[in-house]
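S.K.: Protein chains in written order, with numbering that gives the first Met the number 0: chain Z, 0 to 368; chain R, 0 to 368. Ideal Cβ placement from N, Cα and C applies to all residues, glycine included.
Number of protein chains: 2
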Amino acid sequence: MNRVTAGEIAELAGVSQSTVSRALRGSPLVNSKTRERVLRIANEKNYKVNTGASRLRSRQSRTLALLVHDDSEMGSDINPFFLSMIAAITKAATEKGYDILLSFQQFSENWIADYENSNKAEGVIMLGYGGYTDYIRKIGMLDNAHCVTWGPVIDGQPGHFVGCDNVHGGYIATRHLLDLGHRKIAFIGDVSDDCPEFQARYSGYRKAHEELGLDPTPQLQATANPSELGGYEAAERLIDRAVGHTAAFCATDLNAIGAIRAFRNRNVHVPADISVVGFDDLVSMAYATPALTTVRQDTAAAGHVLVETLLDLVRGNDVVSRLLPPELIVRQSSRQVRAEAMAKSRAGPRLTDAGRLDNAAPKARFNSR
Amino acid sequence: MNRVTAGEIAELAGVSQSTVSRALRGSPLVNSKTRERVLRIANEKNYKVNTGASRLRSRQSRTLALLVHDDSEMGSDINPFFLSMIAAITKAATEKGYDILLSFQQFSENWIADYENSNKAEGVIMLGYGGYTDYIRKIGMLDNAHCVTWGPVIDGQPGHFVGCDNVHGGYIATRHLLDLGHRKIAFIGDVSDDCPEFQARYSGYRKAHEELGLDPTPQLQATANPSELGGYEAAERLIDRAVGHTAAFCATDLNAIGAIRAFRNRNVHVPADISVVGFDDLVSMAYATPALTTVRQDTAAAGHVLVETLLDLVRGNDVVSRLLPPELIVRQSSRQVRAEAMAKSRAGPRLTDAGRLDNAAPKARFNSR
DNA sequence: CCGGCGGTTGCATACGTATGCAATCGTTTT
DNA sequence: AAAACGATTGCATACGTATGCAACCGCCGG
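Here is the structure:
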């Protein structure tokens, strides 16, 4: 516990407490010689400004709350992508001199107001509340709500959002597969209104097709909740439909991992028989077998933009929702379509497999990020 | 910003500010009828206690700092295991009514004192400071340092540590391989003084051997820093040594993933030719190919123990360092040793591989955690 | 010589809460 | 009936800082 107060530092420095406060906060009112002396003594005595008093007097907390949606009741782990975002956001906030109050919460009505009413935080960043965008938009309409949400950015919508350009992400992923010669490309992911992000990825998928005058049948779309198991089940349904797909674009990396496992179980091998592209670029995707071609979201950039946007909001500046550009990372799960593969849409016994293919493939680049 | 104060609630409720404060904090001095009325009004007006004032007056912050070592300058991502720990710790703190202040920091001398001097936090939990255990032990000697570190627990050492029982973890992993008939088991991991955790895992590895009267040669140990690449390089060295190992116990899951990739590149297949066991049970290890047999550290339990230990410390109670029991999770990367494999220690062309083995193996349990 | 001005400093105060102490009131004990 | 007691409430204050305002000092221009 700190027993040293600004008053004691003042006494030691032969000045008043006011001057100590001003010196520490970098006020131009203080003579540089005085400031130097005060800082030296404060440092010697290991003095730190008492945050309680500072917050009370200044009515500022220099703290941002980071709310991460906790869906652990659904048995699923926290999405690794969010964990990467947490680190990025925290570092960005630290750079700006702000602390991060971390919380994993179930959804409830009054968080934002609570954080600000109690002066625990000056603003809130929300992560993983895709299912609650409607409510968040409502919150966003309140002028005094300092809240930025990582999520779908929709033109003209109320509220403040920062998100990945999912349409473009879906586009480059699909375009990559089209460029490899694939013409029957499945889409694995939820395209319902519940998941605007995934809808956008699907929309990019359609856009890439339309550019080439193609019109993918709805049969090629398989709904999956954004987990590994979701991808697994969706891929099974897809195989049973026998639509002749030679590639699959999955709305998330976890979907992709699940789909690859389902394909393998049915003796459909990636990338020999089918190419797979994911979305997110989770850390471990470079380690998967085969290493996953995917669309990377730049979490470090996202962290900076989220924090800067929120601080603008806090300062009363005008703020616009922002889209961040994703990037295609080509690894080993996607390759040129083979004529024979076009014919093979269902499982059958095969001798080749992922393992051998790795060796047969051109020397794989080791992507350890 | 909260314009509602306890005084205003008091006026509305027809009581004094003191009574409001007491009612909100659950003091037994308040009549239950009065308390009810105060709570109702406070709720209606969406009143929240101003944390600044509360902290100043009570000299408590009801906040714990969570310091995560940032080694991003070394190009490596944050260890996924720590990310899992962060979530667990935060949830445990929330249950106890404490907020978590999250920070990713380079190592510096004065954190703990700084957090407490400024009354930002009542205590500190440190994650990922394996390389600084000596310094942390010194800190631990200070009576007023409220700090618990996730790390190696060593009998009689000063300071407060909570950690996994790495010796036992190493033991059960190795014992599992021995039970499968393996007799030449490699150890991949750093056994230098820098990494007491890994030393402990190695010690468990030796203990399992000694129980059967075996004495693994030092040739079977390959040093690796705890990354995927470290495991990759160590495995390559191991293969070149041609010591005839049929199994490998890796100090971390990332090491294991890297090693499996290196083996595959040399046409040594897991688990056909060699069994591999990891350590940590990262979320994605169930998705790896083959799904990794590993030693799980229960992060949820770790979070609870860390928080409870720290709170005990804050309250001035006696505290003992605690070891948490790890658990062996058997998946597909380990299997009974084959006579022929004993002879084959170097790479040679093979037709079988992980993919086919998955199908040949007894129906693999899908472990999605 | 005086008024004034820029550069520094100190004084006094308020931020909103938690808590020791005194006060009040109704009830029980002697 | 007086006294004592328990339950409940209000009063008054201090926590440590940030900041408006006044004060002070040295110097310049008039």
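#1: Do we get a CB-CB distance below 8 Å when we pair residue 235(Z) with the residues of chain R?
#2: Closer than 9 Å between beta carbons: that is the criterion. Which residues of the stretch 250-261 of chain Z meet it against chain R?
#3: Helix, strand or coil: how does DSSP classify residue 179(R) here?
#4: Pick out the complete beta strand (DSSP E) segments inside the stretch 44-112 of chain Z, 3 residues or longer, and give them in chain order.
#5: Are the Cβ atoms of residue 165(R) and residue 189(R) separated by less than 8 Å?
#6: Would you say residue 54(Z) lies against chain R (beta-carbon separation less than 8 Å)?
#7: Helix, strand or coil for residue 121(R), going by three-state DSSP, please let me know.
#8: Can you tell me where the alpha helix (DSSP H) with residue 252(R) in it begins and where it stops?
#9: Strictly by DSSP, which residues pair up with residue 277(R)?
#10: Below 7 Å between beta carbons is the criterion; list the residues of the stretch 88-106 of chain Z that meet it against any residue of chain R, in chain order.
#11: Any beta carbon from chain Z within less than 8 Å of residue 116(R)'s own beta carbon?
#12: Mapping the DSSP letters down to three states, classify residue 132(R) as helix, strand or coil.
#13: Counting only runs of 4+ residues fully inside the stretch 147-201 of chain R, write out the alpha helix (DSSP H) ranges in chain order.
#14: Spatial neighbours of residue 8(Z) within its chain, please: CB distance less than 6 Å, with the 5 preceding and 5 following residues excluded, ordered by chain position.
#15: Tell me where the beta strand (DSSP E) around residue 321(R) begins and ends.
#16: If you compare alpha carbons, which of 323(R), 277(R), 324(R) and 303(R) is closest to residue 330(R)?
#17: Just tell me which of 116(Z), 12(Z) and 5(Z) has its CA closest to the CA of residue 50(Z).
#18: In terms of residue numbering, what span does the alpha helix (DSSP H) encompassing residue 211(Z) cover?
#19: To the nearest angstrom, how far is the alpha carbon of residue 227(R) from that of residue 218(R)?
#20: Determine whether the beta carbon atoms of residue 321(R) and residue 270(R) lie at a separation below 8 Å.
#21: In the DSSP assignment, find the beta strand (DSSP E) that holds residue 327(R) and state where it starts and stops.
#22: Between residue 336(Z) and residue 127(Z), how many whole angstroms is the CB-CB distance? I'm expecting something under 8 Å.
#23: Under 8 Å Cβ-Cβ, which residues of chain R neighbour residue 11(Z)?
#24: Measuring only the C-alpha atoms, how far is residue 248(R) from residue 242(Z)?
#25: From which residue to which residue does the alpha helix (DSSP H) around residue 12(R) run?
#26: Taking the DSSP output, what are the residues bridged to residue 220(R)?
#27: Considering only their Cβ atoms, is the gap separating residue 119(R) from residue 52(R) smaller than 8 Å?
#28: Using the Cβ count rule (16 or more neighbours within 10 Å means buried), how would you classify residue 115(Z)?
#29: Would you mind stating whether residue 158(Z) and residue 199(Z) have Cβ atoms separated by less than 8 Å?
#30: What is the rounded straight-line gap between the Cα of residue 31(Z) and the Cα of residue 22(R)?
#31: Quickly, what does DSSP pair residue 247(Z) with across the bridge? List them, please.
#32: Looking at the C-beta of residue 311(Z), does it have a partner C-beta in chain R at a distance below 8 Å?
#33: Are there 16 or more other CB atoms within 10 angstroms of the CB of residue 192(R), so buried, or fewer, so exposed?
#34: Just the chain Z side, please: which residues come within less than 7 Å of residue 112(R) by C-beta, in chain order?
#35: Closest to residue 172(R) by CA distance: which of 155(R), 154(R), 160(R) and 202(R) is it?
#36: With DSSP as the reference, label residue 309(R) as helix, strand or coil.
M.R.: Taking the definition as stated:
#1: no
#2: Cβ contacts with chain R come from 253, 256, 257, 259 and 260.
#3: coil
#4: Counting only runs of 3 or more residues that sit fully inside the stretch 44-112 of chain Z, the beta strand (DSSP E) segments are 62-68 and 98-104, in chain order.
#5: Their beta carbons are not under 8 Å apart, which means residue 165(R) does not touch residue 189(R) by this criterion.
#6: yes
#7: Of the three classes helix, strand and coil, the one that applies to residue 121(R) here is coil, per DSSP.
#8: 252-264
#9: 293(R)
#10: 89, 90, 93, 98, 99, 100, 101, 102 and 103
#11: yes
#12: helix
#13: 165-178
#14: 19, 40, 41 and 46
#15: 321-323
#16: Checking every option, the nearest Cα to that of residue 330(R) belongs to 277(R).
#17: 5(Z)
#18: Taken as a continuous stretch (DSSP letters only), residue 211(Z) belongs to no alpha helix (DSSP H), as it is neither H nor E.
#19: 21 Å
#20: no
#21: 326-328
#22: Residue 336(Z) to residue 127(Z), Cβ: 36 Å. No contact.
#23: Those do not exist, as residue 11(Z) stays about 16 Å from chain R at its closest Cβ, beyond 8 Å.
#24: 44 Å
#25: Its alpha helix (DSSP H) spans residues 5-12.
#26: 186(R)
#27: no
#28: Buried is the call here.
#29: no
#30: 49 Å
#31: Paired residues: 185(Z) and 275(Z).
#32: False, the Cβ-Cβ gap to chain R never drops below 8 Å.
#33: exposed
#34: Within 7 Å Cβ-Cβ: 45.
#35: Checked all of 155(R), 154(R), 160(R) and 202(R); the closest Cα to residue 172(R) is 202(R).
#36: helix
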